[in-house]
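Report on the structure given below.
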Amino acid sequence: MAINIIVAGPRGKMGKEAIKMIERVPDFNLVAVIDRKNDGKFLNEITEESDAQVPVYEDLAECFQQIDADVFIDLTSPEPGYKHTKLAIEHRVRAVIGTSGFTKENIKELKELSNEYNSGCIIAPNFAIGAVLMMKFSQMAAQYFPDVEIIEMHHDQKVDAPSGTAVKTAEMIQKTRTTKAQGHPDEREELEGARGAELDGMHIHSVRLPGLVAHQEVIFGGPGQLLTIKHDSMSRDSFMDGIKTSIYKVMELDRLVYGLENIL
Numbered sequence: 188m189a190i191n192i193i194v195a196g197p198r199g200k201m202g203k204e205a206i207k208m209i210e211r212v213p214d215f216n217l218v219a220v221i222d223r224k225n226d227g228k229f230l231n232e233i234t235e236e237s238d239a240q241v242p243v244y245e246d247l248a249e250c251f252q253q254i255d256a257d258v259f260i261d262l263t264s265p266e267p268g269y270k271h272t273k274l275a276i277e278h279r280v281r282a283v284i285g286t287s288g289f290t291k292e293n294i295k296e297l298k299e300l301s302n303e304y305n306s307g308c309i310i311a312p313n314f315a316i317g318a319v320l321m322m323k324f325s326q327m328a329a330q331y332f333p334d335v336e337i338i339e340m341h342h343d344q345k346v347d348a349p350s351g352t353a354v355k356t357a358e359m360i361q362k363t364r365t366t367k368a369q370g371h372p373d374e375r376e377e378l379e380g381a382r383g384a385e386l387d388g389m390h391i392h393s394v395r396l397p398g399l400v401a402h403q404e405v406i407f408g409g410p411g412q413l414l415t416i417k418h419d420s421m422s423r424d425s426f427m428d429g430i431k432t433s434i435y436k437v438m439e440l441d442r443l444v445y446g447l448e449n450i451l
């Protein structure tokens, strides 16, 4: 039986790729999209990427009331993404969330809400399988190399920094790494922010440039050696297998799962 899907963010680069993927998979059926500027129109009227005549809604709650959906996908930005996720859980529509920038408090609240409604939800800072492996390999390496810094690089239209992937990587490393402050104990910044953000003594650096998609290096240092674990997403196609897997998996869940590594 086909899985009925709603997508928020159909005009964004990720949203366009996700819709292409959905239209290719026989098991998936796109039934509506959420776009705040084109309420009442059809998808083929607002993008040249699809000829699907599915309705466009501005209000997600109204969409849930009128459209029979199994899965909701959000590929927008943190503020609307958080509101959308809450609505999906409250309407017991399973959610696959690719929007980064949620706080720890956001995740905690959504987990509690998911448990209350027994509604499946997957939130993934990164849907690329290679990126998930990079995070897992980094977590393993941190047991032996506690000296580590993270450099993440994204396109210049990304609004959150550091990226959700970088934060998730640092959180995973934190579980196996001996806590220590990275760098000279008396170091000072001649320019504020030169050493980047800090999580548990690890420094995270963010680069935003046109021409980039999504890239990350985790650099470990030891006496006489460096270990670099790197992942590059050259196009948004790299995220589609993860989204596809998440759509199938979320149909089996009655709780929130944070991180693609927890469903693979």
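Following this note's numbering, the numbering of the sequence shown begins with 188 at its first residue and continues without gaps. In this text, a Cβ means the ideal position worked out from N, Cα and C, and glycines have one as well. Predicted model only: the values in this text are computed from it and were never measured.
Which class does Y269 belong to by DSSP, given the choice of helix, strand or coil?
Helix, per DSSP.
Considering only C-alpha positions, which residue in the set M421, A189 and G202 is nearest to A315?
Of the candidates M421, A189 and G202, the one whose C-alpha sits nearest the C-alpha of A315 is M421.
From what residue to what residue does the beta strand (DSSP E) around V283 run?
It spans R281 to I284 - the beta strand (DSSP E) in which V283 sits, taken as one unbroken run.
Just reading off the beta strand (DSSP E) that S422 is part of, what are its end residues?
For S422, there is no enclosing beta strand (DSSP E), as DSSP marks it with neither H nor E.
In whole angstroms, what separates the C-alpha of T234 from that of R198?
Spanning the alpha carbons of T234 and R198 requires a straight line of approximately 7 angstroms.
Evaluate the contact criterion for the stretch 220–230 versus the stretch 306–320: three or more CB pairs, one atom per stretch, below 8 angstroms.
No contact exists between the stretch 220–230 and the stretch 306–320.
So, under 8 angstroms CB-CB, F289 and I434 are touching, yes? Tell me the CB distance rounded to an integer number of Å.
Contact doesn't hold; Cβ gap of about 20 angstroms is too wide.
I need the DSSP call for D261, collapsed to helix, strand or coil.
Annotated three-state conformation of D261 is strand, per DSSP.
Could you spell out where the beta strand (DSSP E) holding M188 opens and where it closes?
Per DSSP, M188 belongs to no beta strand (DSSP E) and is neither H nor E.
Going by beta carbon distance, what residues of the same chain come within less than 7 angstroms of E448, once the five residues before and after it are set aside?
Excluding positions up to five away in sequence, the list reads V319, M322 and K323.
Compute the distance between the beta-carbons of E204 and R423, then report whether it is under 8 angstroms.
Closer than 8 angstroms, so yes.
Taking the beta strand (DSSP E) that S301 falls in, what are its first and last residues?
Careful: S301 lies outside any beta strand (DSSP E), inside the alpha helix (DSSP H) at K291 to Y304.
Measure the C-alpha to C-alpha separation of I192 and D343 and round it to an integer number of angstroms.
Spanning the two alpha carbons is a distance of roughly 29 angstroms.
For the alpha helix (DSSP H) that contains M327, what are its first and last residues?
Where M327 is concerned, the enclosing alpha helix (DSSP H) stretches over I316 to A328.
Have a look at R395, A328, P267 and E249 and flag the residue whose alpha-carbon is nearest the alpha-carbon of G409.
Looking from the CA of G409, the closest CA among R395, A328, P267 and E249 belongs to A328.
Kindly indicate which residue of V280, M188 and I416 has the alpha-carbon position closest to the one of T336.
In the sequence under discussion, the amino acid at residue 336 is Glu, which differs from the Thr named in the question. Of the listed residues, the one whose Cα sits closest to E336 is I416.
May I ask you to report which of helix, strand or coil DSSP gives S350?
Here S350 sits in coil by DSSP.
Q412 and T352 look like a contact to me (Cβ under 8 angstroms); what is the Cβ gap, rounded to whole Å?
Incorrect: roughly 25 angstroms between the Cβ atoms, too far for contact.
Between R442, T432, V444 and Y445, which lies nearest to I190 when the distance is taken from Cα to Cα?
Shortest Cα-Cα distance from I190 to any of R442, T432, V444 and Y445 involves T432.
Residues bridged to E385 [DSSP beta-bridge criterion]
E385 is bridged by DSSP to H390.
Same chain, Cβ closer than 6 angstroms to A348, five either side skipped, listed in chain order:
So the list reads S393, once near-sequence residues are dropped.
So which of K345, R375 and H390 has the shortest CA-CA distance to K367?
Of the candidates K345, R375 and H390, the one whose C-alpha sits nearest the C-alpha of K367 is H390.
Please classify V405 as buried or exposed, where buried requires at least 16 other C-beta atoms within 10 Å of its C-beta.
Burial of V405 is indicated by the presence of at least 16 other C-beta atoms within 10 angstroms of its C-beta.
With C-beta atoms as the reference, is A239 less than 8 angstroms away from E210?
Going by C-beta atoms, A239 is nearer than 8 angstroms to E210.
For G268, does the count of other Cβ atoms within 10 angstroms reach 16, so buried, or fall short, so exposed?
Around the beta carbon of G268, 16 or more other beta carbons sit within 10 angstroms, so the residue counts as buried.
Y331 in three-state terms, based on DSSP
Coil, per DSSP.
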